[in-house]
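Just remember that this note's numbering sits 11 ahead of the position in the sequence shown, which is counted from 1. Cβ coordinates follow ideal geometry from the N, Cα and C atoms, glycine included.
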Amino acid sequence: MYNSKIIGLGKYVPENVVTNNDLSKLMETSDEWIQERTGIKERRWVKEGDGDTTATMGVKAAKVAIERAGIDKDEIDFIIFATLSPDMYFPGPGVQVQHALDIKTVGALDVRNQCSGFVYALSVADNFIKTGMYKNVLVIGSELHSHGLDKTTRGRGVSVIFGDGAGAAVLTREEDTSKGILSTHLHSQGEHAEELVVKAPGMGTRWVTDILEDDDKDDESYFPHMNGQFVFKNAVVRFSEVIMEGLMTNKLKKEDIDMLIPHQANLRIAQFIQKKFELSDDQVYNNIMRYGNTTAASIPIALTEAWEEGKVKEGDTVVLAAFGSGFTWGSVIIKW
Ligand code: ACO
């Protein structure tokens, strides 16, 4: 048995900055409301004509991660791509990355676990490496939310939260099993699937010919629906549980955490967890103020920035944790 470890990290965010004041020109909202409830000051939304898509942003982040990993693209044995906003209904963006990076014909897996997507993807990568099946795995989280949001007052409870961007990590084999990813922990609770959902396009209830005939501009099933307070209440409980599960599995205490990188869902959720685990501001990395919630991309973007700023160092105990639509949640415990 081996462990896996992260040897390269990269991120890409679109240049176009959208402030809370910009949003207040599109819908009835305010900088004050958004900052008070979520901590978000601005987010990046792709600009028409720039050519950014979920796949292309993922490719850009991946190129940086591969270069920093110091390996050749053809040493990558497997690609995992987490997103809730793929360019196409199918195939998913994993194969687009394989083609765009001109990597030999390795497997490409798409992960559909929304805000927990990157944690799920890391867990899959880690286990493929642990068993010896693959040596180097490329993991990407990327989202283009801005094309799918209702940017009118009707959608303001959701659309002010989400941003576009991508992050990527290259994992490789680590022979010392006291280092690298120590454990991953995944959960789901499908009874709450419709508390945070985009229902369409889906083949479950409607014929595609009916959808095309309807042409209903008021059809809300294409937009995200979120029962915000219910999601919030579940998030704070599940984040705490799954971090504790990870610590206990590795016989660690909360005092052992050097850096917690929570999925950037809402600054208030991160602050709640910080208080609960009695962590200082230096022990929790947040960048939701600048990017909003980028779903599967939020953890790899934050991890990349924390690493770039020297806040994640060799020997550190790093905890990643996520919660989101599904509901799904999970954690990753890393000895860096
Ligand atoms: N601007 C101004 N007012 C608004 C806005 C807005 N953008 N959005 C909603 N409001 C209004 C509502 O209409 C409501 O008005 P009313 O009292 O007159 O009816 C009032 O503000 C309060 O609305 P709530 O939805 O109750 O606001 P809340 O305090 O719950 O904050 C929020 C909303 C920020 C969404 C919060 O519930 C939250 O962060 N939830 C968790 C989100 C999360 O963690 N998601 C998981 C990850 S996402 C994923 O997996 C895809």
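- The DSSP-derived three-state label of Val148 is strand.
- Under the three-state reduction of DSSP, Ser134 is assigned to helix.
- Residue pairing from DSSP places His198 in a beta bridge opposite Trp340.
- Around the C-beta of Gly62, fewer than 16 other C-beta atoms lie within 10 Å, and the residue is accordingly described as exposed.
- Bounds of any alpha helix (DSSP H) do not take in Lys22; it lies within the beta strand (DSSP E) bounded by 14-23.
- Boundaries cannot be given for Ala276, as no alpha helix (DSSP H) includes it and DSSP labels it neither H nor E.
- For Gln240, the shortest separation between its Cβ and any heavy atom of the ligand ACO lies below 7 Å.
- Assigned with DSSP and collapsed to three states, Ser35 falls in coil, not helix or strand.
- Cβ-Cβ separation between Asp88 and Asn138: approximately 13 Å, too far for a contact (criterion under 8 Å).
- The C-beta of Asn14 has 16 or more other C-beta atoms within 10 Å across all chains shown, which makes the residue buried.
- Close CB contacts of Lys141 within its chain, under the 8 Å cut and outside five residues either way in sequence, are with Met12, Tyr13, Asn14, Ser15 (chain order).
- Asp121 and Gly128 have their C-alpha atoms roughly 10 Å apart.
- According to the DSSP assignment, Phe89 belongs to no alpha helix (DSSP H) but to the beta strand (DSSP E) extending over 89-93.
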